[in-house]
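In this note's numbering, the protein residues as written are 84 to 752. I have placed the structure first, in the form of structure tokens, so that the comments after it can refer back to it.
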């Protein structure tokens, strides 16, 4: 890890990526910073980089961003490229060991924001999204007034940032390929302010909206020209936010409470270019007053905020969690007015977030096994594809899993009403990795659990997945109204036609699977080679969904050991029971309580926690290792909704358990 500051004078050496208009403001204010100095400028145009550096006192200019990132005297980078390049260069800066201040929006969408944050975490660098208004005294004074009850209980927030202009397809603001429009350019200001103020009502740094509704105008250029959104927050707080690039708005912040209201006349650029600063307070029974605030150079304050929190790797002014929540809200705002950029469409050939070709990392820790009939490496962890509802999210999740050695993806006909299969299929098509991945498909879910539905659904799934076969096919449920042989016959037919390479039963009883395989042997049919029922260290008392089955009991385990069918268990980590959420006194999660709360399971949790402390890992890693260390082949399904959740599962692959530890964890010793 490189030192945080390399300069002999103790100042943070800054490099600028993208010498545009906003970078000029940053560079112009930087000399007023007490902590930073401009070292270098990177541009695709060498002459432009050199001229910019000379104008603002930088030592040198580079004709590429990579050259700047290789400069040892650059400690931190300010990224001010067009929006779609933010994620790529933030990730590469993190890989180069540079601290990062990235212009808003941090990325184009929530999926890319996840990737950037995980890169900063992995490479141990500072990262902050550059909302400069968060770093100045005026914003701190606003929060102090609200927390001090200046207008009583916060109830309603109004915030706007919009400006007027005419359509100009040559400008990034009007180009959908460059993620133009008001929401991403300046809409983040009122959204972050609303989330910040709503946090006051709950005593938190910020609040997440529980709903987002919006109206807006998407022009002929394909970007949002004007948009307004209503946000609701916990505690009865609501917000109305406005943005636009074709019509200016009032551009103030107004907060209404139980005892009056306050106004911030210039919330975004206080005291810049001669503008006003301060806060107007209007409280019942008191004279109106104007609260004066100290004014500082905005971008110098931003640079000093970075320097002050380098050791923490993020700043309270704009934390990683805050940026993630902001990105999700902006995504919801765009979705509510029907704005989707070309690169986000389901049929887009979406590149990797880091813009390099997809490849398995040399340092990956994945392990592999084999399943009868599948002539590929099957990763011991299986990515559940049941929540990736758009290509941006799916691409970020699947790319990351593949690069970390994952080969196996589990989806189903009913997931997202077919959308999850479509997203996975488009990703496989875009990456050209069909022969490098194992696709697990499922069909015949209740109420369409019959031989005829298998054929109809399989053909539709193959079309969605853009392939002519799946590697493993599970019946999602069983239907004992049909003789087991009828199901085996139709599955065998598709096996012989090459549409499936292997098949099994999901949420089937082991007795019924045994019956199916006896029928297959007697009639020259292909047998079931896998089962996908629940199995985890915490034994299920009930199941999350009707018709599900678990095989964690001793009798089922013995059957699996004897027959050596591959088990691909869902909820292999007991749906969060081992994450720290489960406590006997906390009964807020009804499903967790119903399915997993028992004295025996809390004892298993205690033992997993104890062993985790000795091994230096999280209890979830012990719980996953338990599943991986059975005497029959297991390929646990994980269902991450975020990259951080994927990464939290990986340490379980490295935990080695003895047979005695496995028995002890399960209370068998």
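For every residue, glycine included, the Cβ atom is placed at its ideal position computed from N, Cα and C.
Check: Inter-residue Cα distance where the pair is residue 418 and residue 506; Outcome: 17 angstroms
Check: Simplified DSSP state of residue 193, which is helix, strand or coil; Outcome: helix
Check: Limits of the unbroken alpha helix (DSSP H) element including residue 605; Outcome: 593 to 606
Check: For residue 276, the three-state DSSP class (helix, strand or coil); Outcome: helix
Check: Segments assigned alpha helix (DSSP H), at least 4 residues, entirely inside the stretch 120 to 170; Outcome: 129 to 139 and 148 to 152
Check: Alpha-carbon to alpha-carbon, residue 671 and residue 272; Outcome: 34 angstroms
Check: Boundaries of the beta strand (DSSP E) in which residue 466 is found, first to last residue; Outcome: 465 to 467
Check: Every unbroken beta strand (DSSP E) inside the stretch 355 to 410 [3 residues or more]; Outcome: 362 to 366 and 372 to 374
Check: Distance CB(residue 652)-CB(residue 618) smaller than 7 angstroms; Outcome: yes
Check: Where the alpha helix (DSSP H) through residue 640 begins and ends; Outcome: 637 to 646
Check: One or two residues paired with residue 549 in a DSSP bridge; Outcome: Partner(s): none; residue 549 has no beta bridge.
Check: Residues near residue 89 in its chain [Cβ-Cβ closer than 7 angstroms; skip 5 each side]; Outcome: 96, 155, 156 and 158
Check: Beta-carbon contacts of residue 318 that lie in its chain and below 6 angstroms, excluding the five residues immediately before and after; Outcome: 284 and 285
Check: Among 620, 604 and 542, the one whose alpha carbon lies nearest that of residue 583; Outcome: 542
Check: Three CB pairs or more closer than 8 angstroms across the stretch 383 to 394 and the stretch 262 to 278; Outcome: no
Check: Contacts around residue 187, its chain only, beta-carbon distance under 7 angstroms, and the 5 residues preceding and following it disregarded; Outcome: 212, 213, 214 and 271
Check: Rounded Cβ spacing between residue 661 and residue 691 (contact assumed at less than 8 angstroms); Outcome: 6 angstroms
Check: Extent of the continuous alpha helix (DSSP H) run through residue 211; Outcome: First-last for residue 211: 210 to 213, but that is the beta strand (DSSP E), not the alpha helix (DSSP H).
Check: Assigned exposure category for residue 414 - 16 Cβ within 10 Å defines buried; Outcome: buried
Check: Residue 323 (DSSP reduced to helix, strand or coil); Outcome: strand
Check: Whether residue 620 touches residue 687 by CB criterion (7 angstroms); Outcome: yes
Check: Bridge-paired residues (DSSP) for residue 186; Outcome: 213
Check: CA nearest to the CA of residue 719, picked from 726, 226, 733 and 725; Outcome: 733
Check: Touching by the beta-carbon criterion (3+ pairs, under 8 angstroms), the stretch 490 to 508 and the stretch 538 to 552; Outcome: yes
Check: Nonlocal neighbours in the same chain, by C-beta distance under 6 angstroms from residue 307, ignoring five residues either side; Outcome: 264, 265, 266, 299, 301 and 422
Check: The alpha helix (DSSP H) enclosing residue 679, as first and last residue numbers; Outcome: 673 to 679
Check: Close Cβ partners of residue 401 (< 6 angstroms) along its chain, the five nearest in sequence each way excluded; Outcome: 211, 212, 214 and 217
Check: Supposed contact pair residue 132 and residue 102 - C-beta distance, whole angstroms, cut 8 angstroms; Outcome: 6 angstroms
Check: Classification of residue 780 by the beta-carbon crowding that lies within 10 angstroms, buried from 16 upward; Outcome: Because the chain here runs from 84 to 752, residue 780 falls outside it and cannot be looked at.
Check: Whole-angstrom distance between residue 324 and residue 489, CA atom to CA atom; Outcome: 41 angstroms
Check: Cβ-based burial, residue 600 [other Cβ within 10 Å; buried from 16]; Outcome: buried
Check: Residues near residue 416 by beta carbon distance below 7 angstroms, same chain, minus five either side; Outcome: 266, 270, 295, 297, 310 and 312
Check: Through-space distance from residue 391 to residue 638, alpha-carbon basis; Outcome: 59 angstroms
Check: Beta-carbon spacing of residue 609, residue 575 below 7 angstroms; Outcome: yes
Check: For residue 744 and residue 517, the rounded distance between their alpha carbons; Outcome: 39 angstroms
Check: Given residue 523 as reference, the closest of 513, 569 and 589 once Cα atoms are compared; Outcome: 589
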